[in-house]
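Participant:
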Amino acid sequence: GGMEKIKQHTFALAHYTYTVLSTLKYANGAPVVRIYSDTDFSNPDVQGPIINFNVLDENGEVIGFSQVDKMASLYNIHVRTGCFCNTGACQMHLGISNEDIQRNLQAGHVCGDDIDLVDGHPTGSVRISFGYMSSFEDAQTFLKFIIATRLSTSATEVPFQSSVTKLMTKSVPDDHPSFDNADKLAPVPHISDRELGNNSSGTKTTVNWQVPEAEAESIRAAVSATAVPTCKRSGKPITVANIYLYPIKSCSAFEVTEWPVGNQGLLYDRNWMVVNQNGVCITQKQEPRLCLVNPSIDLKQKIMVIQAEGMDPISVSLEENTAKEAVISESKVCSHRVKTYDCGDRIAGWFSLFLGRPCRLIRQSSDMKNKSHQKNTTGLASAANISLSLVNEAQYLLINVASILQLKEHVSAKLEEPLEIDELIRRFRANIVISAPESFEEEEWAEISIGALRFQVVGPCSRCQIICIDQQSAERNKEFLQSLSAARGRKTNFGIYLMNQPLHSSLPGTLSVGSQVLPVLKENTEIQPPTSSEEKCSG
Numbered sequence: 007g008g009m010e011k012i013k014q015h016t017f018a019l020a021h022y023t024y025t026v027l028s029t030l031k032y033a034n035g036a037p038v039v040r041i042y043s044d045t046d047f048s049n050p051d052v053q054g055p056i057i058n059f060n061v062l063d064e065n066g067e068v069i070g071f072s073q074v075d076k077m078a079s080l081y082n083i084h085v086r087t088g089c090f091c092n093t094g095a096c097q098m099h100l101g102i103s104n105e106d107i108q109r110n111l112q113a114g115h116v117c118g119d120d121i122d123l124v125d126g127h128p129t130g131s132v133r134i135s136f137g138y139m140s141s142f143e144d145a146q147t148f149l150k151f152i153i154a155t156r157l158s159t160s161a162t163e164v165p166f167q168s169s170v171t172k173l174m175t176k177s178v179p180d181d182h183p184s185f186d187n188a189d190k191l192a193p194v195p196h197i198s199d200r201e202l203g204n205n206s207s208g209t210k211t212t213v214n215w216q217v218p219e220a221e222a223e224s225i226r227a228a229v230s231a232t233a234v235p236t237c238k239r240s241g242k243p244i245t246v247a248n249i250y251l252y253p254i255k256s257c258s259a260f261e262v263t264e265w266p267v268g269n270q271g272l273l274y275d276r277n278w279m280v281v282n283q284n285g286v287c288i289t290q291k292q293e294p295r296l297c298l299v300n301p302s303i304d305l306k307q308k309i310m311v312i313q314a315e316g317m318d319p320i321s322v323s324l325e326e327n328t329a330k331e332a333v334i335s336e337s338k339v340c341s342h343r344v345k346t347y348d349c350g351d352r353i354a355g356w357f358s359l360f361l362g363r364p365c366r367l368i369r370q371s372s373d374m375k376n377k378s379h380q381k382n383t384t385g386l387a388s389a390a391n392i393s394l395s396l397v398n399e400a401q402y403l404l405i406n407v408a409s410i411l412q413l414k415e416h417v418s419a420k421l422e423e424p425l426e427i428d429e430l431i432r433r434f435r436a437n438i439v440i441s442a443p444e445s446f447e448e449e450e451w452a453e454i455s456i457g458a459l460r461f462q463v464v465g466p467c468s469r470c471q472i473i474c475i476d477q478q479s480a481e482r483n484k485e486f487l488q489s490l491s492a493a494r495g496r497k498t499n500f501g502i503y504l505m506n507q508p509l510h511s512s513l514p515g516t517l518s519v520g521s522q523v524l525p526v527l528k529e530n531t532e533i534q535p536p537t538s539s540e541e542k543c544s545g
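First residue of the sequence shown: 7, per our numbering; consecutive thereafter.
(1) Can you give the Cα-Cα distance for Ile5 and Lys291, rounded to whole angstroms?
(2) For my contact list, Cys467 and Tyr503 are in at a C-beta cut-off of 8 Å; report their separation, rounded to the angstrom.
(3) Report the rounded CA-to-CA distance for Thr25 versus Leu149, giving the unit in angstroms.
(4) Could you tell me the alpha carbon to alpha carbon distance between Met279 and Asp46, rounded to whole angstroms?
(5) Taking buried to mean at least 16 other C-beta atoms within 10 Å of its own C-beta, is Gly562 buried or exposed?
(6) Candidates Trp356, Pro319, Tyr274, Gly355: which alpha carbon is nearest Glu325's?
(7) Report the residue ranges of all beta strand (DSSP E) runs contained in full by the stretch 52-85; include only those spanning at least 3 residues, in chain order.
(8) Which residues bound the beta strand (DSSP E) around Met505?
(9) Anyone know if the C-beta pair for Gly501 and Gln401 falls short of 7 Å?
(10) Does Arg442 come out as helix, strand or coil in the three-state DSSP assignment?
(11) Secondary structure at Cys474, three-state DSSP: helix, strand or coil?
(12) Which class does Val267 belong to by DSSP, given the choice of helix, strand or coil?
(13) Rounded to whole angstroms, what's the CA-CA distance from Glu415 to Val407? Just pull it up for me.
(14) Determine whether the beta carbon atoms of Ile12 and Ser135 lie at a separation below 7 Å.
(15) Nearest CA to the CA of Val299: which residue from Ile353, Lys345, Val262, Glu453?
(16) Would you please verify whether the beta carbon of Arg460 is less than 7 Å from any beta carbon of chain D?
(17) Here's the rule I'm using: 16 or more other beta-carbon atoms within 10 Å means buried, otherwise exposed. How should Met98 be labelled?
(18) Can you tell me the Cα-Cα spacing of Phe71 and Leu62, whole angstroms?
(19) Output the distance between the C-alpha atoms of Glu67 and Asp125, rounded to the nearest integer angstrom.
(20) Alpha carbon to alpha carbon, what distance is there between Asn483 and Asp476?
(21) Since Val246 sits in a beta bridge, which residues does DSSP pair it with?
(22) On the DSSP letters alone, give me the boundaries of the alpha helix (DSSP H) that Gln292 sits inside.
(23) What three-state label does DSSP hand Tyr1 in the structure shown?
(24) Buried or exposed: Ala493, going by 16 or more other Cβ atoms within 10 Å of its Cβ?
(25) Going by C-alpha to C-alpha distance, which of Glu453, Ser418, Ile405, Gly350 sits closest to Ser441?
(26) Can you tell me whether Cys96 is buried or exposed? The criterion is at least 16 other CB atoms within 10 Å of its CB, across all chains shown.
(27) How would you label Met310, buried or exposed, when you count the other beta carbons within 10 angstroms and need 16 or more for buried?
(28) Per DSSP, Phe260 forms a beta bridge with which residues?
(29) Under a three-way DSSP split, which group does Met9 fall into?
(30) Just the Cα atoms here: how many angstroms apart are His15 and Tyr138?
(31) Closest to Thr516 by CA distance: which of Arg433, Ile456, Ser479 is it?
(32) Please classify Leu411 as buried or exposed, where buried requires at least 16 other C-beta atoms within 10 Å of its C-beta.
(33) Output the distance between the C-alpha atoms of Ala480 and Gly8, rounded to the nearest integer angstrom.
(34) I need the DSSP call for Thr155, collapsed to helix, strand or coil.
(35) Look at the alpha carbon of Arg276 and the alpha carbon of Leu251, and state the distance between them as a whole number of angstroms.
(36) Please say whether Leu19 and Ala113 have beta carbons closer to each other than 7 Å?
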């Protein structure tokens with residue numbers, strides 16, 4: 007039928023979704039979304055098949071677009087977020103002044119990052135788009151996601167009764183040339199509680215993005231109450247509990263008790279990665295079974311041994327291939343370009359057989375080290391002078407056992423089954439696991455010292471759907487990211503990123519389990535180790 011039919015079809019989907027979104031309200035009458043539009047979606051000649059909006063909480067506060075994007079990915083929904091290369095419209099609809107733009111830049115916000123709120127104000131929004139292949143089922147899937155994560159099931163029927171059909175047929179003029187009659191938009195499929203509860207996988211899942219407000223408030227109060235105080239209540243020393251490196255990006259952890267530190271972090275941490283036929287990095291987001299690949303490093307024999315169930319072990323030399331035939335190519339880690347070389351057909355065949363798809367193993371070339379792309383690194387070193395391996399953000403990721411334990415209680419209650427602490431630790435894929443007296447006190451640190459090594463805290467780790475993957479079985483469960491979001495007050499931060507200076511000593515630096523951790527608070531007040539049984543104040 008040509009472009010005219012496509013216009014009718016896509017506008018019908020956008021209009022339907024816009025109408026339902028506009029009617030969604032919390033129990034207190036507050037809207038669930040704020041839609042940004044110059045039209046009322048009544049005329050396809052002036053309104054395209056896109057909807058731009060922000061999700062709100064019960065108090066009318068904006069939930070950051072990065073958070074919405076991460077939750078949507080759990081439901082296999084792709085949205086676009088940010089300012090959409092249209093700064094003027096972004097400023098107009100979000101009420102952002104030129105001075106606000108300057109403040110956002112000073113806060114480290116740049117185009118394409120995850121900084122979605124600055125001082126509580128949004129820096130961008132969420133956009134959904136419909137095309138000629140989109141269907142009403144696609145629109146319903148999106149609406150189910152919003153309803154399931156923002157409203158209780160008792161409220162899900164309200165916007166989907168006959169009132170919606172009435173709103174749609176009233177707001178689109180019958181005599182508009184693009185619509186012969188109102189039947190073009192009918193029948194409008196309804197979404198029932200039963201449909202909302204159905205799960206195609208057949209497994210039991212929980213679809214609450216945000217727990218009931220009273221419960222969420224109690225969780226946040228508990229988190230606040232245990233945040234690092236000026237005076238440490240327990241007086242216990244902070245120590246390194248576990249050390250993990252991940253030789254192959256997105257594959258299983260290799261746990262050690264002592265390990266050398268290089269200029270890019272733990273030696274051989276994320277030096278290799280698996281890529282598809284186009285040279286694009288494959289992670290657990292696309293291939294959860296990567297977590298079942300177990301690499302281990304033998305420093306004496308200078309090899310990396312790779313094992314997986316049902317596969318013969320295979321080894322890769324730790325010596326970098328400097329031969330002339332080693333072809334240096336350019337790959338991407340997230341949006342960052344890195345120089346790599348291929349590890350050969352033998353290892354490529356091993357990974358292709360295990361994953362059931364063509365892929366190759368590549369290694370970062372020493373000719374070009376990835377530079378840090380953290381925006382606000384100050385103090386120990388300039389970010390531009392710190393090189394990275396094939397990590398996404400920083401050289402090290404640190405988590406706190408006390409923080410894990412607090413989250414464990416909440417997740418276990420939601421799943422109605424016990425969780426092992428080791429399972430949760432592995433889900434968060436940290437390099438350094440510490441045992442500290444207080445949960446989330448690590449978020450108040452500016453620097454830490456471990457032995458002779460000093461590290462700068464360069465920011466929190468905003469979690470993605472990978473924490474939903476059981477690192478022992480490769481099975482997914484949405485509840486982990488959703489529970490983290492509820493417990494942290496709509497954010498998914500867990501753990502902190504660290505950078506360390508290149509070593510100037512002739513002796514190699516080493517991280518060891520059991521080493522004492524000495525943090526410096528953001529107020530530049532150092533927490534001293536206890537010298538007696540008394541509780542010591544940080545000053």
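The beta-carbon is built from N, C-alpha and C at its ideal position, and this holds for glycine as well.
Facilitator: Walking through what the data contain:
(1) Past the edges of the chain, shown from 7 to 545, lies residue 5, and the structure says nothing about it.
(2) Locating residue 467 in the sequence shown gives position 461, counting from the first residue. Locating residue 503 in the sequence shown gives position 497, counting from the first residue. Sure, about 6 Å apart at Cβ, within 8 Å.
(3) By 1-based counting over the sequence shown, the position of residue 25 is 19. By 1-based counting over the sequence shown, the position of residue 149 is 143. Between Thr25 and Leu149, the C-alpha separation is close to 11 Å.
(4) Residue 279 sits at position 273 when you count from the first residue of the sequence shown. Residue 46 sits at position 40 when you count from the first residue of the sequence shown. Approximately 48 Å, taken between the alpha carbons.
(5) One cannot answer for residue 562 here, as it falls past the ends of the chain, which runs 7 to 545.
(6) By 1-based counting over the sequence shown, the position of residue 325 is 319. Cα-wise, what sits closest to Glu325 is Tyr274.
(7) DSSP runs (the beta strand (DSSP E)) wholly in the stretch 52-85: 56-62.
(8) Your numbering for residue 505 matches position 499 in the sequence shown. Element bounds for Met505: 499-506.
(9) On the sequence shown, position 495 is the one that residue 501 refers to. On the sequence shown, position 395 is the one that residue 401 refers to. Result no, Cβ atoms of Gly501 and Gln401 do not sit closer than 7 Å.
(10) Within the sequence shown, numbered from 1, the residue matching residue 442 stands at position 436. Here residue 442 turns out to be Ala, not Arg, going by the sequence shown. Reduced to three states, the DSSP call for Ala442 is coil.
(11) Within the sequence shown, numbered from 1, the residue matching residue 474 stands at position 468. Looking at Cys474 - three-state DSSP - the assignment turns out to be helix.
(12) Position 261 of the sequence shown, counting from 1, holds the residue named residue 267. In the structure shown, Val267 sits in a strand (DSSP, three-state: E or B).
(13) In the sequence shown, residue 415 corresponds to position 409, counting from 1. In the sequence shown, residue 407 corresponds to position 401, counting from 1. Approximately 13 Å between the Cα atoms of the pair.
(14) Counting from 1 along the sequence shown, the entry for residue 12 is found at position 6. Counting from 1 along the sequence shown, the entry for residue 135 is found at position 129. In this structure, Ser135 does not lie closer than 7 Å to Ile12 by Cβ.
(15) Here the question's residue 299 lines up with position 293 in the sequence shown. Selected option, being the one with the closest Cα: Ile353.
(16) Of the protein chains in the structure, only one exists, and it is not chain D.
(17) Taking the first residue of the sequence shown as 1, we reach residue 98 at position 92. Flag for Met98 reads exposed.
(18) Numbered from 1 along the sequence shown, position 65 holds the residue referred to as residue 71. Numbered from 1 along the sequence shown, position 56 holds the residue referred to as residue 62. The straight-line gap from Cα to Cα measures roughly 10 Å.
(19) Start at 1 with the first residue of the sequence shown, and residue 67 comes out as number 61. Start at 1 with the first residue of the sequence shown, and residue 125 comes out as number 119. Roughly 12 Å separates the two Cα atoms.
(20) Stepping through the sequence shown from its first residue, residue 476 is reached at position 470. Stepping through the sequence shown from its first residue, residue 483 is reached at position 477. Cα-Cα distance, rounded: 8 Å.
(21) For the purposes of this step, residue 246 is taken as residue 240 along the sequence shown, with counting starting at 1. According to DSSP, which records beta bridges pairwise, Val246 is partnered with Ile440.
(22) Taking the sequence shown and counting its residues from 1, the one referred to as residue 292 is at position 286. Per DSSP, Gln292 belongs to no alpha helix (DSSP H) and is neither H nor E.
(23) Absent from the structure is residue 1, since the part of the chain shown begins at 7 and ends at 545.
(24) As a first step, residue 493 is located in the sequence shown; it is residue number 487 there, counting from the start. So Ala493 counts as buried.
(25) Translated into positions along the sequence shown, residue 441 becomes position 435. If we check each option's Cα against that of Ser441, Ile405 comes out closest.
(26) Counting from 1 along the sequence shown, the entry for residue 96 is found at position 90. When all chains shown are included, Cys96 counts as buried.
(27) For the purposes of this step, residue 310 is taken as the residue at position 304 of the sequence shown. Met310 should be labelled buried.
(28) Here residue 260 refers to the residue found at position 254 of the sequence shown. The partner list for Phe260 (beta bridge, DSSP) reads Leu251.
(29) Within the sequence shown, residue 9 is the residue found at index 3, counting from 1. Residue state, collapsed to three classes: helix.
(30) Position 9 of the sequence shown, counted from the start, is the residue given in the question as residue 15. Position 132 of the sequence shown, counted from the start, is the residue given in the question as residue 138. Taking the straight line joining both Cα atoms gives about 7 Å.
(31) Position 510 of the sequence shown, counted from the first residue, corresponds to residue 516. Nearest C-alpha to Thr516: Ile456.
(32) The residue you call residue 411 lines up with position 405 of the sequence shown. Burial call: exposed.
(33) Along the sequence shown, one-based indexing puts residue 480 at 474. Along the sequence shown, one-based indexing puts residue 8 at 2. Their Cα atoms are separated by approximately 45 Å.
(34) Looking up residue 155 in the sequence shown gives position 149. Residue state, collapsed to three classes: helix.
(35) Along the sequence shown, one-based indexing puts residue 276 at 270. Along the sequence shown, one-based indexing puts residue 251 at 245. Cα to Cα, the separation comes out at about 8 Å.
(36) The count along the sequence shown starts at 1 and reaches residue 113 at position 107. The count along the sequence shown starts at 1 and reaches residue 19 at position 13. Not in contact: Ala113 and Leu19 (Cβ atoms no closer than 7 Å).
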